[in-house]
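Right, one structure below, let's go through it.
In the numbering used here, the protein residues as written are 68 to 431.
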């Protein structure tokens with residue numbers, strides 16, 4: 068029995084040494100289970116429909132910009148045409164005056180000038196008359212120069228008029244193309260919705276997400292334009308630590324400091340909530356009349372003396388917008404935090420923590 072107990076104890080000790088590394092080692096996260104065919108199909112349809120919604124919204128923005136440009140060009144054309152007409156009339160008047168003077172010179176102008184000079188009573192009178200004749204001649208020469216300048220101005224206005232007319236024609240052509248593309252996109256969306264209705268049991272949920280996304284898209288577009296215009300260069304750090312040994316500076320910006328720059332001074336009701344969470348900034352727009360709430364998440368990437376804002380996700384109506392759709396929405400945007408940094412320094416690291424943004428600076 069004693070030998071049996073010793074054997075069991077030895078076996079337990081052996082098991083402890085063999086198994087203890089396995090127990091102590093952290094377990095690797097289990098891989099995400101593959102999507103079922105139904106879930107994969109739903110994901111595909113959601114991505115397709117939201118992408119179509121986004122392309123339509125971007126097209127509508129281009130349409131509005133083109134229409135505004137047409138209004139501006141039309142007003143500019145009218146102003147340019149009126150200015151050209153005024154210059155033409157002025158040039159015609161100057162040309163008539165110059166023609167009269169040249170005709171006068173050709174016929175008897177020289178003799179008349181001589182008569183004026185020779186008719187002087189004395190030398191003082193002669194000098195007075197000479198000054199008068201020179202003034203008249205200079206005045207007419209100035210008229211000739213003014214006529215040349217007016218002719219050049221009329222030619223420049225004609226060229227400007229032609230350029231604006233060509234630009235106006237291009238704007239009208241862009242609108243025509245946009246209308247045709249919009250019709251194609253609407254047909255594609257109608258087809259995708261019909262397919263989703265046949266294949267998805269929770270089609271109503273997808274439709275609600277699409278409608279919510281379509282509703283918030285114009286507001287997201289305004290929000291991104293607002294982010295581009297934020298005067299980040301005015302923000303000052305809430306704390307500063309300098310490590311002279313390693314040549315580094317550590318800046319910290321509290322959540323409230325960053326959020327203060329985003330508030331609209333024109334409209335206090337146009338609220339925007341900024342939150343610092345581990346790894347990202349989140350911007351939350353509360354629900355407003357006719358628009359549901361949504362949250363935009365941004366990641367920060369150092370770029371020299373700037374922090375680039377990269378899309379990390381948008382959540383609306385309980386759904387996450389697919390990454391390809393985000394790429395469509397952010398294309399062509401230059402979203403960056405340009406912080407006021409001392410000369411010769413660059414951003415080497417940026418971390419978003421709960422309640423704060425921390426930035427590390429090093430020598431450039």
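Where a beta carbon is used, it is the ideal one built from N, C-alpha and C, also for glycine.
8 Å contact criterion, which residue 48 and residue 328 should meet: CB distance rounded: Given a span of 68 to 431 for the chain in the structure shown, any question on residue 48 remains unanswerable.
In three-state terms, what does DSSP make of residue 286? helix
Give me the Cα-Cα distance between residue 297 and residue 290, rounded to the nearest whole angstrom. 11 Å
In whole angstroms, give me the CA-to-CA distance for residue 316 and residue 365. 24 Å
Kindly indicate which residue of 373, 351, 392, 155 has the alpha-carbon position closest to the one of residue 115. 392
Give the list of continuous beta strand (DSSP E) stretches no shorter than 3 residues that lie fully inside the segment 256-339. 306-310, 315-321
Are residue 217 and residue 154 touching if we call contact CB-CB under 8 Å? yes
Cβ shell of residue 378 (< 6 Å), same chain only, five flanking positions each side left out: 393, 397
Local Cβ density within 10 Å of residue 389, reported as buried at 16 or more and exposed below that: buried
Give me whichever residues DSSP pairs with residue 349 in a beta bridge. 342, 364
Using the Cα positions of residue 231 and residue 241, report the straight-line distance between them to the nearest angstrom. 15 Å
Can you name, in chain order, every residue of its own chain whose Cβ lies under 8 Å from the Cβ of residue 135, other than the five neighbours on each side? none
Roughly how many angstroms lie between the CA atoms of residue 222 and residue 212, to the nearest whole one? 16 Å
Buried versus exposed call for residue 122 [16 or more other C-beta atoms within 10 Å across all chains shown]: buried
So residue 428 is in the beta strand (DSSP E); what residue range does that whole segment cover? 423-430
So if DSSP puts residue 414 in a beta bridge, which residue, or which two residues, is it bridged to? 428
Between 311, 295, 119, which has its C-alpha nearest residue 250's C-alpha? 119
Specify whether the segment 399-415 and the segment 137-146 touch according to this definition: at least 3 beta carbon pairs, one from each stretch, less than 8 Å apart. no
Does residue 247 pass the burial test, meaning 16 or more other C-beta atoms within 10 Å, or should it be called exposed? exposed
Could you say which of 106, 105, 225 lies nearest to residue 147 if we only look at CA atoms? 225
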